[in-house]
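Undergrad:
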Amino acid sequence: MPLKAHLGTAALLLALAATAPLLAQNLLPAHWKAELRQADKNLRAQQWQEAGKKAQRVANEMVDNVGTRIEAAHSLAVATALLAIAEAGLGYPDEAEWLWDSALNLDPSIAQTDVAGYGPAAAELRKRSLRTANSAELRHGDKNIEGVERPLIIHQTQPDYPEAMRRLGVSGAVVISSIIGVDGRPRQPLIVDAQGGGPALKYVALDTLRQWRFEPAKKGGKPVAVAYVVTVNFKVKK
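Start counting the sequence shown at -16; every next residue gets the next number (the working numbering).
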């Protein structure tokens, strides 16, 4: 949804959430709104850990309860962005950048947010933008190309199926491109395709890939950073 052009310094993430369709339709429970408002206050007071706990709790509960509602994307992105700022304040830049990029994947309008009230760490996150996947990485996926040995997964967690979608019997798949660094850590996630499940499945897929670790790609025997495409599948067990 379009954002107002003149948001003041007091109108930050929660001001954007207040105009989101999910809140406008009163579909977001009062206790989630209260938790996000408190997380906002904690961030302004540089109470990073308290803010992170609240934002994470809301995000987890939303994922388990919003089902396939597309209109939940903005509010889930807000919770994820608040969590990103908390991680940045705690001194975990890799986690913060992944979470901020996740928020942008859920709702690109987060990029227009005024985060001045959250300090310099948030200002650095605000500079980030989603990269553009080139045709080569999408065409080749995880295959070896141009003499580069593809990364190998050495730690792979399985996605937690959102409870609401488990009850509904909803399956889905999320295709994510990320940059696997020379340290084997995925960065700069970009959702290139998503089928079924709405924003909740996107959030879980991004959070799942965040925890994966790789033996980095190699070219001429030396580690190199490469784009790598994975599909996170969600299937209901019968």
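Each residue gets a CB set at the ideal place from its N, CA and C atoms; glycine is no exception. Keep in mind it's a predicted model, so treat the numbers as computed, not measured.
With distances taken between CB atoms, is the gap from residue 158 to residue 214 smaller than 7 angstroms?
TA: As a working note, residue 158 is residue 175 in the sequence shown. As a working note, residue 214 is residue 231 in the sequence shown. Yes; because the gap between Cβ atoms is below 7 angstroms, this pair is in contact.
Undergrad: Among the candidates 50, 193, 100, whose CA atom is the shortest distance from the CA of residue 26?
TA: Residue 26 sits at position 43 when you count from the first residue of the sequence shown. It is 100 whose Cα lies nearest to the Cα of residue 26.
Undergrad: Quick one: what's got a C-beta closer than 6 angstroms to residue 109's C-beta in the same chain, skipping five residues either side?
TA: For the purposes of this step, residue 109 is taken as residue 126 along the sequence shown, with counting starting at 1. Excluding residues within five positions, the ones whose Cβ falls inside 6 angstroms are 98.
Undergrad: Hey, which unbroken runs of the alpha helix (DSSP H) at 4 residues or more fall wholly within the region 101 to 164?
TA: The region 101 to 164 contains these whole alpha helix (DSSP H) runs: 103 to 109, 118 to 123, 146 to 151.
Undergrad: Among 197, 56, 146, which has the Cα closest to the Cα of residue 165?
TA: As a working mapping, residue 165 is identified with position 182 in the sequence shown. Closest option to residue 165, Cα to Cα, is 197.
Undergrad: Within the same chain, show all residues whose beta-carbon is closer than 7 angstroms to that of residue 163, passing over the 5 residues directly before and after it, in chain order.
TA: In the sequence shown, residue 163 corresponds to position 180, counting from 1. Only 134, 169, 197, 199, 200, 208, 209, 211 meet the Cβ criterion.
Undergrad: Which term fits residue 57, buried or exposed, when burial requires 16 or more other beta carbons within 10 angstroms of its beta carbon?
TA: In the sequence shown, the residue the question calls residue 57 occupies position 74. Looking at its Cβ environment, which holds 16 or more other Cβ atoms inside 10 Å, residue 57 is buried.
Undergrad: Based on DSSP bridge pairs, tell me the residues matched to residue 84.
TA: Residue numbering aside, residue 84 sits at position 101 when the sequence shown is read from its first letter. Beta-bridge pairing links residue 84 to no other residue.
Undergrad: If you draw a straight line from the C-alpha of residue 40 to the C-alpha of residue 65, how long is it?
TA: Taking the first residue of the sequence shown as position 1, residue 40 is located at position 57. Taking the first residue of the sequence shown as position 1, residue 65 is located at position 82. Spanning the two alpha carbons is a distance of roughly 12 angstroms.
Undergrad: Could you check which residue in 206, 116, 72, 138 has the C-alpha nearest to that of residue 32?
TA: As a position in the sequence shown, residue 32 is number 49, starting the count at 1. Answer by Cα proximity: 72.
Undergrad: Return yes when the Cβ of residue 63 is within less than 7 angstroms of the Cβ of residue 42, no when it is not.
TA: Translated into the one-based positions of the sequence shown, residue 42 becomes position 59. Translated into the one-based positions of the sequence shown, residue 63 becomes position 80. It is a contact, given that the beta carbons lie within the stated cut-off.
Undergrad: How close, in whole Å, do the beta carbons of residue 102 and residue 29 come, if the pair is a contact with beta carbons under 8 angstroms?
TA: Residue mapping note: residue 102 aligns to position 119 of the sequence shown, counting from 1. Residue mapping note: residue 29 aligns to position 46 of the sequence shown, counting from 1. Going by Cβ atoms, the distance from residue 102 to residue 29 rounds to 7 angstroms, so yes, they are a contact pair.
Undergrad: Which of the three DSSP states, helix, strand or coil, is assigned to residue 200?
TA: Residue mapping note: residue 200 aligns to position 217 of the sequence shown, counting from 1. Here residue 200 sits in strand by DSSP.
Undergrad: How is the beta strand (DSSP E) around residue 225 delimited, first residue to last?
TA: With the chain covering only -16 through 221, there is no way to say anything about residue 225.
Undergrad: Residue range of the alpha helix (DSSP H) that residue 53 falls in?
TA: Taking the sequence shown and counting its residues from 1, the one referred to as residue 53 is at position 70. Segment: none, residue 53 is in no alpha helix (DSSP H) and carries neither H nor E.
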